[in-house]
Amino acid sequence: MTANNNEPDNNMNQDNDTDTSFIDEQWQELAKDWQQQPTEKADIKKLLKETKRRTRKAKCLFWGNVVATIGLLFGAMYGTLIEDSWERSFLSYMWGSFVLSVVFCYYEYKIRQTAWQQINDSPENAINNAIKGIESSLSYIRLTKWSCIPFGLLANFFVYETAINAEKPATNGLITINILIILMFAITHWFGLKRQKELKAMIAKTKNN
36 MTANNNEPDN NMNQDNDTDT SFIDEQWQEL AKDWQQQPTE KADIKKLLKE
86 TKRRTRKAKC LFWGNVVATI GLLFGAMYGT LIEDSWERSF LSYMWGSFVL
136 SVVFCYYEYK IRQTAWQQIN DSPENAINNA IKGIESSLSY IRLTKWSCIP
186 FGLLANFFVY ETAINAEKPA TNGLITINIL IILMFAITHW FGLKRQKELK
236 AMIAKTKNN
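Just remember that the working numbering sits 35 ahead of the position in the sequence shown, which is counted from 1.
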């Protein structure tokens, strides 16, 4: 009789243990979700803030290039129409820089505008917005690297012509200007590698989600 009486108690204890373990598992899952949610919201908020900051920076850079282009135009017009003492090589450099700058700004606008039209403030699209911003930055970096060729040729022409007119050797000037161009290309390339790593990280986040 004693053994039979203990069997229901054992079954009840097992049921209680099962219910308790099930509740514990549910609680752990809820606690885990509760802990992760603020982190995800904080990450999204940080990502949105970073995307907005980069967009403002890109717009400032674009308008800075536009202002520089206008400055080249006024400088070239002033040297052509008013100032008679400027050498022909310098005027050619000013007009050539203006034309190249107009082409550069045109392609920069096309690159930036495509990304800016697609970016919005929705938290749900924070990662996609960041990806579009980084892709736009990579396109701008490629444009900058390619622009080193025509701007470099124009700068070499100016240095050479100036040295010839001054009856001085052009070697030192050519070496200096080409070092600066290579340095500009290298820095731009480094930024490109950095953005590519950021793009891979963002794409990995979309796959994880």
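We treat Cβ as the ideally placed atom computed from N, Cα and C, and that holds for glycine.
Here's a check: name, in chain order, each residue in its chain whose Cβ is nearer than 6 angstroms to the Cβ of Lys240, leaving out the five neighbours to either side.
Excluding residues up to 5 positions away in sequence, Ile162 lie with their Cβ nearer than 6 angstroms to the Cβ of Lys240 in the same chain.
Three-state class that DSSP yields for Pro185 in the structure shown
The DSSP-derived three-state label of Pro185 is helix.
Find the nearest neighbour of Ala93 within the set Tyr195, Glu196, Pro204, Ser174, judged by alpha-carbon distance.
Of the candidates Tyr195, Glu196, Pro204, Ser174, the one whose C-alpha sits nearest the C-alpha of Ala93 is Ser174.
Can you give me the Cβ contacts of Cys140 inside the same chain, cut-off strictly under 7 angstroms, excluding the 5 residues immediately before and after it?
Its chain contains Asn100, Val101, Thr104 as the residues whose beta carbon lies nearer than 7 angstroms to that of Cys140, once the 5 sequence neighbours on both sides are disregarded; these appear in chain order.
Kindly indicate which three-state DSSP category Glu196 falls into: helix, strand or coil?
It is helical.
Nearest-angstrom beta carbon gap, Met237 and Ala165 [assumed within contact, 8 angstroms]
Ala165 to Met237, Cβ: 5 angstroms. Contact.
Measure how close the beta-carbons of Ile210 and Ala190 come, nearest whole angstrom, since I'm counting them as under 8 angstroms.
Between Ile210 and Ala190 the beta-carbon gap is near 12 angstroms, outside 8 angstroms, which marks them as no contact.
Are the C-beta atoms of Arg230 and some chain B residue less than 9 angstroms apart?
Note that chain B does not occur in the displayed structure, where there is just one protein chain.
Environment of Gly131 [buried if 16+ CB atoms lie within 10 Å]:
Around the beta-carbon of Gly131, 16 or more other beta-carbon atoms lie within 10 Å, marking it buried.
Contact between the stretch 112-123 and the stretch 80-97: three or more CB pairs below 8 angstroms?
Because the criterion of three Cβ pairs below 8 angstroms is not met, the stretch 112-123 and the stretch 80-97 do not touch.
For the putative contact between Lys167 and Gln148, defined by C-beta atoms under 8 angstroms, what is the C-beta separation to the nearest angstrom?
Their Cβ separation, rounded to whole angstroms, is 12 angstroms, which puts Lys167 and Gln148 out of contact at 8 angstroms.
State the DSSP-derived secondary structure class of Met112, mapped to helix, strand or coil.
In the three-state reduction of the DSSP assignment, Met112 falls in the helix class.
Assign Ile146 to buried or exposed, taking buried as 16 or more other Cβ atoms, counted over all protein chains shown, within 10 Å of its Cβ.
Buried: at least 16 other Cβ atoms inside 10 Å.
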